[in-house]
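Each protein sequence line maps, in turn, to chains A and B.
For the first sequence, numbering that gives the first Met the number 0 assigns the number 0 to the initial residue and increments by one for each residue that follows.
For the second sequence, numbering that gives the first Met the number 0 assigns the number 0 to the initial residue and increments by one for each residue that follows.
Yeah, the Cβ is synthetic: ideal placement off N, Cα and C, and Gly gets one too.
Just so it is clear, the structure is predicted and the values come from calculations on it, not from any experiment.
Report on one structure; see the data block that follows.
Protein chains: 2
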Amino acid sequence: MVRTRTRDEILVVAAELFTHHGFKGTSLQDIAAGVGCSKATLLYHFESKEAILTELVAPAAQELADLVAYLTTLEAAAAQEAAIEGFVDLVLRYRREAALIYDGTPQFLDQPMFAGLRPLTDTLCAAFAGRSTDRAACVAAEVLLGGIAGVAIDKAIEAGDDELRRALVDVAKRALITPHPKD
Amino acid sequence: MVRTRTRDEILVVAAELFTHHGFKGTSLQDIAAGVGCSKATLLYHFESKEAILTELVAPAAQELADLVAYLTTLEAAAAQEAAIEGFVDLVLRYRREAALIYDGTPQFLDQPMFAGLRPLTDTLCAAFAGRSTDRAACVAAEVLLGGIAGVAIDKAIEAGDDELRRALVDVAKRALITPHPKD
DNA sequence: GTCTATAACGAGATAGAC
DNA sequence: GTCTATCTCGTTATAGAC
Numbered sequence: 000m001v002r003t004r005t006r007d008e009i010l011v012v013a014a015e016l017f018t019h020h021g022f023k024g025t026s027l028q029d030i031a032a033g034v035g036c037s038k039a040t041l042l043y044h045f046e047s048k049e050a051i052l053t054e055l056v057a058p059a060a061q062e063l064a065d066l067v068a069y070l071t072t073l074e075a076a077a078a079q080e081a082a083i084e085g086f087v088d089l090v091l092r093y094r095r096e097a098a099l100i101y102d103g104t105p106q107f108l109d110q111p112m113f114a115g116l117r118p119l120t121d122t123l124c125a126a127f128a129g130r131s132t133d134r135a136a137c138v139a140a141e142v143l144l145g146g147i148a149g150v151a152i153d154k155a156i157e158a159g160d161d162e163l164r165r166a167l168v169d170v171a172k173r174a175l176i177t178p179h180p181k182d
Numbered sequence: 000m001v002r003t004r005t006r007d008e009i010l011v012v013a014a015e016l017f018t019h020h021g022f023k024g025t026s027l028q029d030i031a032a033g034v035g036c037s038k039a040t041l042l043y044h045f046e047s048k049e050a051i052l053t054e055l056v057a058p059a060a061q062e063l064a065d066l067v068a069y070l071t072t073l074e075a076a077a078a079q080e081a082a083i084e085g086f087v088d089l090v091l092r093y094r095r096e097a098a099l100i101y102d103g104t105p106q107f108l109d110q111p112m113f114a115g116l117r118p119l120t121d122t123l124c125a126a127f128a129g130r131s132t133d134r135a136a137c138v139a140a141e142v143l144l145g146g147i148a149g150v151a152i153d154k155a156i157e158a159g160d161d162e163l164r165r166a167l168v169d170v171a172k173r174a175l176i177t178p179h180p181k182d
């Protein structure tokens, strides 16, 4: 896995195109045109189209794993808050990668390509729910988890947007942290 | 547009396959195999692959349009509640169709196929936000709108699930309806 | 390391027999 | 109304020259 200029540029262009048109919707032709090289050059640097995607997603997956590992060291309430803030932060920093992983099919996490990601999101979702097994709490956690990811993916804002960050954290806390349930 | 037995079966099989593997991930071959006919038969009944999808989505799109039209007759607070309950109901009844429309790309609503859907979801989102133009309120509305749709799409529950329905409505109201904002 | 050329395949769609 | 056969195109991937 040697790093070269072309190789890096392929990753940049592929990220851009995958983000906008999806993995299936982007061909090697498209990537090659964006880079200004041939398809053969792409496949000289990467074993396959999937290999490009896997490498793009790797750092985000690693950070997600780190976050989840950290959450397991906390008790429920602290883990809930840390999960919310950590996930919002993560998904804002890795918008593109999040969009790549979520390709629109329900079983997107069950593809062999992303094996190992599902247990991470499950643990994260449990943390969002404050480790409660109550159905409503779990549903709420799923709604917020998916909703936050979706909004972050949609936003084409480039640099860190603190206002968006705060809005996402706030809505999640409002929806999930219920100090005095009504009845 | 004459109704026949084969035609209806094509729609059923296509809905099933599109839901599980996405539109791009399903070929005419796959549909033909499921129906037990040839690709040519598919294209005798439908002008194109897209035409199948368009017809599958049509009733859901119509109901969404009806809901949005109804919302415009209400003032902000009533529209907000009606939007939440109406959307949850709609998306639970049309899980499959929702999954078809949302193909995973950010611009899925901007495809020519679904032209006219975007203004509807924009109005719906505004209703979710209580017609507020505050950034945080808009972000929260987007999170809940997308999150609810995502959860409903993921759930493979068949018949009406009142518990899920209540959970979705509740989390949305908790997150969006803020009678006394903190400061 | 990059290219052109092409293989090998699958896609959507069409033609025409039955 | 359904079929087989075929067309055309785009896809991923490979071969081999430079």
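Counting contacts by CB-CB distance shorter than 8 Å, is A158 of chain A in contact with chain B? The pLDDT assigned to A158 of chain A is 47, lower than 50, so where the model puts this residue is not dependable; a value taken from the coordinates is nonetheless given after this. So no, A158 of chain A is outside the interface.
Same chain, Cβ closer than 6 Å to E8 of chain B, neighbours up to 5 away in sequence not counted: Cβ within range, chain order: V34.
How far does the alpha helix (DSSP H) with R2 of chain A in it extend, from its first residue to its last? Careful: R2 of chain A lies outside any alpha helix (DSSP H) and carries neither H nor E.
Pull out every residue of the region 119 to 149 of chain A whose Cβ sits closer than 7 Å to any Cβ of chain B, in chain order. Answer set for the region 119 to 149 of chain A: R134, A135, V138, A139, E141, V142, L143, G145, G146, I147 and G149.
Neighbourhood of C124 of chain A by C-beta, 8 Å cutoff - its chain only, sequence neighbours within 5 removed: Within its own chain, the residues whose Cβ lies closer than 8 Å to the Cβ of C124 of chain A, once the five positions on either side in sequence are excluded, are C137, A140, E141 and L144, listed in chain order.
If we require 4 or more residues per run, which alpha helix (DSSP H) segments fall completely within the region 68 to 119 of chain A? Under the rule that a run must span 4 or more residues, the alpha helix (DSSP H) segments found entirely inside the region 68 to 119 of chain A read 75 to 92 and 94 to 100.
Rounded to whole angstroms, what's the CA-CA distance from G115 of chain A to D109 of chain A? Just pull it up for me. Rounded to whole angstroms, G115 of chain A to D109 of chain A spans 9 Å at the Cα level.
Could you pull out every residue in the same chain whose Cβ sits closer than 8 Å to the Cβ of D88 of chain B, ignoring the five residues on either side in sequence? Excluding five sequence positions before and after D88 of chain B, the CB atoms of its chain that fall closer than 8 Å to its own CB belong to R164, given in chain order.
Return the chain-ordered list of same chain residues with a C-beta closer than 8 Å to the C-beta of D182 of chain B, the five sequence neighbours on each side being excluded. Low confidence applies to D182 of chain B: its pLDDT is 47, below 50, so where it sits in the model is not reliable enough to give any reading.
Which stretch, first to last residue, makes up the alpha helix (DSSP H) that contains E46 of chain B? Segment: none, E46 of chain B is in no alpha helix (DSSP H) and carries neither H nor E.
How many Å lie between A171 of chain B and I147 of chain A at the Cα? Distance between the alpha carbons of A171 of chain B and I147 of chain A: 13 Å.
When B:A82, B:A98, B:P58 and B:E46 are compared against A68 of chain B, the one with the closest alpha-carbon: The residue with the shortest Cα to Cα distance from A68 of chain B is B:A82.
Return yes when the Cβ of I152 of chain A is within less than 8 Å of the Cβ of A183 of chain A, no when it is not. Nothing about residue 183 of chain A can be reported from this structure: the residues present for chain A run from 0 to 182 only.
Distance check for H20 of chain A and K48 of chain B, CA to CA, integer angstroms please. If I take the Cα positions, the gap works out to 19 Å.
Using 8 Å as the threshold, is the C-beta distance between A126 of chain A and L70 of chain A below it? Remark: C-beta atoms of A126 of chain A and L70 of chain A approach each other more closely than 8 Å.
E162 of chain A CB to nearest chain B CB: under 8 Å? The Cβ of E162 of chain A sits closer than 8 Å to at least one Cβ of chain B.
If we call anything under 8 Å between Cβ atoms a contact, is I30 of chain A one with V56 of chain A? Taking 8 Å as the Cβ cut-off, I30 of chain A and V56 of chain A do not qualify as a contacting pair.
Test item: CB-CB of E84 of chain A and V168 of chain A under 8 Å: The answer is yes: Cβ separation under 8 Å.
Local Cβ density within 10 Å of A39 of chain B, reported as buried at 16 or more and exposed below that: A39 of chain B should be labelled exposed.
What in chain A is Cβ-close to L167 of chain B, meaning under 7 Å? Per Cβ cutoff of 7 Å: V138 and V142.
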